[in-house]
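Enquirer:
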């Protein structure tokens with residue numbers, strides 16, 4: 002039994018050539034020209050015939066977000082992966098150290114704030130008794146404000162360090178099939194420069210076909226189209242999802 006992925010049709014009148022095989026695209030069957038369908042009925046099985054190709058809805062080149070040696074590639078070409086599944090890992094030792102250092106910075110900043118807060122409360126009581134000058138109190142108040150700012154900065158640094166550590170483990174952004182693995186263990190990952198893998202969403206496909214100008218008035222969005230797939234000897238009825246209203250120069 003053969004299961005087909007969900008699919009819809011796209012009519013393309015642009016000058017972008019469809020991804021078909023090397024066979025010549027046949028001309029419309031002139032003997033059936035009088036049996037053209039109306040926009041309401043779509044292209045009938047007995048009407049003009051055009052070649053097309055199924056295309057994935059999304060294709061993504063997965064790039065790293067952090068630098069470092071590739072520790073392990075966990076997929077191979079042809080593997081189907083689920084969203085969130087680990088694809089590759091980058092050596093995370095330095096990023097682990099970064100998290101520990103950021104935690105230490107937060108702890109030190111928090112201790113400074115607690116110390117100054119205690120001193121602030123004590124001095125405030127003394128100020129109410131006129132035992133300290135207002136200028137000294139204001140000075141301490143400013144120090145406390147600065148310490149709290151440092152604590153906030155340290156917390157942000159910790160979040161950034163944790164994100165960098167997390168980015169060392171590259172996961173699939175959506176479910177799909179791995180069509181290309183571009184790195185291997187030991188390669189050096191660089192954000193924006195070194196692709197890791199190519200992922201294609203295969204649970205939903207589009208059929209793209211080109212329609213000659215003289216037939217463009219006989220298709221419309223939502224119209225049904227019968228699609229014959231010789232490779233699996235099946236015929237599907239799809240709906241036109243969208244039309245690219247550009248006339249090809251060819």
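Numbering (the working numbering), first residue to last: 2 to 251. All C-beta atoms in this analysis are idealised placements derived from N, C-alpha and C, irrespective of residue type, glycine included. Values in this document were obtained by computation on a predicted structure and should not be read as measured data.
(1) Skipping 5 residues on each side, what residues in its chain have a beta carbon closer than 7 Å to that of residue 165?
(2) By DSSP, does residue 157 sit in helix, in strand, or in coil?
(3) Runs of 3 residues minimum, wholly inside the region 123-203: which ones carry the beta strand (DSSP E) assignment?
(4) Taking the C-alpha atoms as reference points, what is the distance between residue 178 and residue 73?
(5) I'd like to know if the region 151-164 and the region 101-108 are in contact, where contact means that at least 3 CB-CB pairs between them fall below 8 Å.
(6) For residue 197, tell me which candidate among 205, 211, 182, 186 has the shortest Cα-Cα distance.
(7) Quick check on this structure: which residue in 157, 234, 200, 240 has the alpha carbon closest to the alpha carbon of residue 78?
(8) Give the straight-line distance between the Cα atoms of residue 138 and residue 128, rounded to the nearest whole angstrom.
(9) Please state if the CB of residue 70 and the CB of residue 189 are separated by a distance shorter than 7 Å.
(10) Are residue 205 and residue 83 closer than 7 Å when you measure CB to CB?
(11) If we ignore side chains and look at the alpha-carbon of each, how far apart do residue 238 and residue 224 end up?
(12) Pull the bridge partners of residue 225 from the DSSP assignment, please.
(13) Where does residue 169 land, buried or exposed, given buried means 16+ other C-beta within 10 angstroms?
(14) In the DSSP assignment, find the unbroken beta strand (DSSP E) run with residue 205 in it and report its ends.
(15) When burial is assigned at 16 or more other CB atoms within 10 Å of the CB, is residue 112 buried or exposed?
(16) Taking 7 Å as the threshold (C-beta atoms), are residue 103 and residue 158 in contact?
(17) Given a cut-off of 7 Å, decide if residue 88 and residue 162 are closer than it, judged by their beta-carbon atoms.
(18) Count the other CB atoms, across all protein chains shown, that sit within 10 Å of the CB of residue 235; report buried if there are 16 or more and exposed otherwise.
(19) For residue 119, write down the residues that DSSP places opposite it in a beta bridge.
(20) Since residue 73 is in the beta strand (DSSP E), which residue starts that stretch and which ends it?
(21) Just the C-alpha distance for residue 75 and residue 195, rounded to the nearest angstrom, thanks.
(22) Round the Cβ separation of residue 192 and residue 65 to the nearest angstrom and send it over; I've been treating them as touching at under 8 Å.
(23) Locate the beta strand (DSSP E) running through residue 56, then write down its first and last residues.
(24) Using DSSP's beta-bridge definition, name the partner residues of residue 235.
(25) Give the DSSP-derived three-state secondary structure of residue 89 in the structure shown.
Expert: Considering the structure as presented:
(1) Counted from its first residue, the chain shown places residue 165 at position 164. Hits under 7 Å: 67, 96, 99.
(2) Here residue 157 refers to the residue found at position 156 when the chain shown is read from its first residue. DSSP, reduced to helix, strand and coil, places residue 157 within a helical segment of the structure shown.
(3) For the beta strand (DSSP E) assignment, the uninterrupted runs of no fewer than 3 residues enclosed by the region 123-203 are, from N- to C-terminal side, 170-172, 177-182, 198-201.
(4) Translated into positions along the chain shown, residue 178 becomes position 177. Translated into positions along the chain shown, residue 73 becomes position 72. Taking C-alpha positions only, residue 178 is separated from residue 73 by approximately 19 Å.
(5) Three or more beta-carbon pairs drawn from the region 151-164 and the region 101-108 are found closer than 8 Å, and the two stretches are therefore classed as touching.
(6) Here residue 197 corresponds to residue number 196 of the chain shown, with the count starting at 1. For the residues 205, 211, 182, 186, the minimum Cα distance to residue 197 belongs to 182.
(7) By 1-based counting over the chain shown, the position of residue 78 is 77. Here the closest residue by C-alpha is 200.
(8) Residue mapping note: residue 138 aligns to position 137 of the chain shown, counting from 1. Residue mapping note: residue 128 aligns to position 127 of the chain shown, counting from 1. Going from the Cα of residue 138 to the Cα of residue 128 covers about 7 Å.
(9) The sequence position of residue 189 within the chain shown is 188, counting from 1. The sequence position of residue 70 within the chain shown is 69, counting from 1. Contact: yes.
(10) By one-based count along the chain shown, residue 205 stands at place 204. By one-based count along the chain shown, residue 83 stands at place 82. Taking 7 Å as the cut-off, the Cβ atoms of residue 205 and residue 83 do not count as close.
(11) Looking up residue 238 in the chain shown gives position 237. Looking up residue 224 in the chain shown gives position 223. Each residue's alpha carbon lies about 10 Å from the other.
(12) Here residue 225 refers to the residue found at position 224 when the chain shown is read from its first residue. Listed as beta-bridge partners of residue 225 by DSSP are 240.
(13) Counted from its first residue, the chain shown places residue 169 at position 168. By the neighbour-count rule (16 or more Cβ atoms within 10 Å), residue 169 is buried.
(14) Along the chain shown, one-based indexing puts residue 205 at 204. Segment 205-211, the beta strand (DSSP E) holding residue 205.
(15) As a position in the chain shown, residue 112 is number 111, starting the count at 1. With fewer than 16 Cβ atoms within 10 Å of its Cβ, residue 112 is classed as exposed.
(16) Numbered from 1 along the chain shown, position 157 holds the residue referred to as residue 158. Numbered from 1 along the chain shown, position 102 holds the residue referred to as residue 103. Yes.
(17) Numbered from 1 along the chain shown, position 161 holds the residue referred to as residue 162. Numbered from 1 along the chain shown, position 87 holds the residue referred to as residue 88. No. Outside cutoff.
(18) For the purposes of this step, residue 235 is taken as the residue at position 234 of the chain shown. Per the 10 Å Cβ criterion, exposed.
(19) Here residue 119 refers to the residue found at position 118 when the chain shown is read from its first residue. None; residue 119 has no bridge partner.
(20) As a first step, residue 73 is located in the chain shown; it is residue number 72 there, counting from the start. Going by DSSP, residue 73 is part of the beta strand (DSSP E) stretching over 69-74.
(21) Taking the first residue of the chain shown as position 1, residue 75 is located at position 74. Taking the first residue of the chain shown as position 1, residue 195 is located at position 194. Counting only the Cα atoms, residue 195 lies some 17 Å from residue 75.
(22) Taking the chain shown and counting its residues from 1, one reaches residue 192 at position 191. Taking the chain shown and counting its residues from 1, one reaches residue 65 at position 64. Yes, residue 192 and residue 65 are in contact; Cβ-Cβ is about 6 Å, under 8 Å.
(23) Locating residue 56 in the chain shown gives position 55, where the first residue counts as 1. Start and end: 53-57.
(24) Within the chain shown, numbered from 1, the residue matching residue 235 stands at position 234. Note: residue 235 sits in a beta bridge opposite 230.
(25) Here residue 89 corresponds to residue number 88 of the chain shown, with the count starting at 1. Of the three classes helix, strand and coil, the one that applies to residue 89 here is strand, per DSSP.
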